[in-house]
Each structure stands twice: as structure tokens, then as C-alpha cells.
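With the sequence shown counted from 1, adding 32 to any position gets you my numbering.
Backbone N, C-alpha and C define an ideal beta-carbon position, used for all residues, glycine too.
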Amino acid sequence: MFPWSRRSDAAPQADSAPRAPGDLRGQVCVVSGSTSGIGLALARAAASHGADVVLNGLGDPAEIERTRAELEASCGVRVRYHAADMARGDEVADMVAFARHQLGRLDILVNNAGIQHVEAVETFPSDKWEKILAINLSSVFYATRAAIPIMKAQGRGRIINVASAHGLVASPFKSAYVAAKHGVLGFTKTVALEVARDNITCNAICPGYVETPLVKQQIADQARTRGISKDKVVEDVMLAAQPTKKFVTTEELAGLFLYLVSDLGASANGASFSIDGGWTAQ
Ligand code: NAD
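Structure, rendered in C-alpha cells:
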């Protein structure tokens, strides 16, 4: 738990009353792509601060069930899993409806699922392009479209889109990913304007490199594409742009997440928050 966000032991307040930062009791949070990496870290942050959580993502069913049960037991909240494929709009919308149906409401939507493929544009496979656009961009639309009516009816909502430094700047060989993440930032701003009077905010988090399974895979892919060692990829390619020369941690992302979902984050709307060690300051 973050020291500045320690939740009080007082009884949960009515929905309309201001809450202490970090008090997510009684709230319901859906995190797409939360079976690993950043999504799992944000789901854990939400659960450890009292929110009921819907997990989503790919993986071995037994392992996912272990994660779900562990989160539920260690945080004392309800945790459900929905297996929606983020490449399918109908399943994405069903995941949002499931949260409301199973847990009674929906307060926080984290659009986090994402995939990557690293290849020069002239040989970039069409199916990879379509899949990256579907999972990294269109799923954000489908989930948000389904969530807003629920949030409006409740009088409050928080939508957080996990974009990337690649929503702001490009790197070679990542055309689909960069296009999708730039699209996420445009979508975030548009939604923010549409819901600004409804006590709903929509923001994007733009991490630099975080060492998760997605990045470990990229290290291997880049080493192959560029014909250099994995160590060289980390040193000269990945963290070349990250002035701190350190991977961003999921705890640092969770800190921003807890701010954005709190009442203190009410005026942060339509923004993209860089947590990239200074990468996009250059
Ligand atoms: P990860 O591979 O660890 O996790 C990705 C999650 O998405 C997993 O739970 C996976 O099962 C899920 N997923 C993938 N395809 C899916 C599908 N079709 N349907 C449902 N779920 C699916 O990756 P991560 O690094 O934690 O990335 C999470 C998000 O953060 C992505 O949007 C990524 O673009 C973004 N991001 C990551 C980094 C980084 O350095 N790791 C940096 C910037 C942005």
C-alpha cells in the first residue's frame, strides 16, 4: 500500500461523499489484460485498496484461477475472471456487462490489454496489423462505449487507458503498435470531452519500458530483427531512449493509477501521463 494512500478505517462513505485517496472499498474495477504484467499490477493495486476486481486476459486456466483466488484471499475483496478476447468487440462489451452483473457496478475501467509485433513496415504481416489495431485500439473503444452508460447512471467513473511512450513518439519496426497507441491518445481526449460534465474522467498512462513478459518477448524479437545480442538490445536499443537507464516499475504505474482513480484526480481529464524516465522529454 502506498503511504499517501492509506485508507481510513472509517466506514465506507456514500457514493457522493468525497473519499480518502486510496479508499476504493465498494468500487468495482475492470482491468483488461490483467493476467500478467502491468494489468495484473494495476488489478492488484485496486484490490489491495479495497476494490472488487474483474480480471481478464490469456493464459493457462489453472494459473489464472490461482491468481484470482490468491488476490481474493489476500485482499479480502471479490475477484472474478472474464475470458473476453480483446480482439472481439462483442466479447469486450460482454466483459463490461459481466462486471456490472456479477459485482453490481462499475467504477473503474482500465483498458490495458496489448500486444506487439516488431517488423519493418514493408514486410509487416496484414494479420498482425489487424490484430494489434483490434486489441490495442478497438478494444478500448468497445469497453469504453459499454462502460459509459453504467458510469453515467452511477454519477461517477474513471477510465484509464494504458497507452505508451509510443503513443507520443515512434520507434522503427513498430508501425502497428505506434499507430494504435497514438490512436488511444486521440480517443482518450475525445471521450474526456464527451463525459466531462458527468463526473467521469478518461486519461492515458504512457509508460516507458517496463520489464514485463511483453518486453521480454520484444528483447528477443529485436535481437533477431537487428542481429544483435539481447544485452545489446536492452542497453543500446530499449533503454537508449530512457535517460534514467532503468526500467519503469509496475509500482510506479500503480501510484499514478491510484491518484487518477481518487477524488483528487477529478480534474485530470483527457491527459496523457508520461512515466518514462524522461524518454519523451527529449
Ligand atoms: P503483458 O504481455 O505482460 O500483458 C499483456 C496482457 O494482455 C496479458 O494479460 C495478456 O494475456 C493480455 N492479452 C493479450 N492479448 C489479449 C487478447 N486478445 N484478449 C485478452 N487479453 C489479451 O504486457 P505488459 O507489458 O504488461 O503490457 C500491458 C499494456 O502496457 C499493453 O497495452 C502495452 O502496450 C502497454 N505498455 C507496456 C510497456 C512495457 O514496457 N511493458 C510500455 C508501455 C506500454
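- In this structure, ASP122 has its CB at a distance of at least 7 Å from all heavy atoms of ligand 1.
- One Cα belongs to GLU104, the other to ALA185, and the distance between them is close to 27 Å.
- The closest heavy atom of ligand 1 lies 7 Å or more from the beta carbon of TYR174.
- Close CB contacts of ASP139 within its chain, under the 6 Å cut and outside five residues either way in sequence, are with GLN59, VAL60 (chain order).
- Secondary structure at THR99: helix, using DSSP grouped into helix, strand and coil.
- In this chain, the alpha helix (DSSP H) harbouring TYR209 covers 207 to 227.
- Nearest C-alpha to LEU217 among LEU135, THR281, ILE192, VAL227: ILE192.
- Bounds of the alpha helix (DSSP H) holding SER80 are 69 to 80.
- For a cut-off of 8 Å, the C-beta gap from ASN235 to ALA300 is around 6 Å, short enough to register as a contact.
- Its Cα nearest to that of GLY108, the residue ALA78 stands out among ALA78, VAL201, GLU226, ALA175.
- VAL124: member of the alpha helix (DSSP H) spanning 121 to 135, first to last residue.
- The alpha-carbon separation between ILE70 and LYS277 amounts to approximately 19 Å.
- In this structure, ALA77 has its beta carbon at no less than 7 Å from each heavy atom of ligand 1.
- Beta-carbon to beta-carbon, ALA255 and VAL265 are separated by about 5 Å, close enough to satisfy the 8 Å threshold.
- With a cut-off of 7 Å, the C-beta of ALA236 is classified as distant from ligand 1, since no heavy atom of the ligand falls inside that distance.
- Relative to ligand 1, the beta carbon of ILE164 is positioned no closer than 7 Å to any heavy atom.
- Assignment of TYR174 by DSSP, reduced to helix, strand and coil, places it in the helix class.
- With contacts defined as CB atoms closer than 8 Å, LEU74 and ASN144 qualify as a contacting pair.
- Of the heavy atoms belonging to ligand 1, at least one sits nearer than 7 Å to the Cβ of SER196.
- Where GLY189 is concerned, the enclosing beta strand (DSSP E) starts and stops at 189 to 194.
- Contact annotation: ALA119 and ALA166 have beta-carbon atoms nearer than 8 Å.
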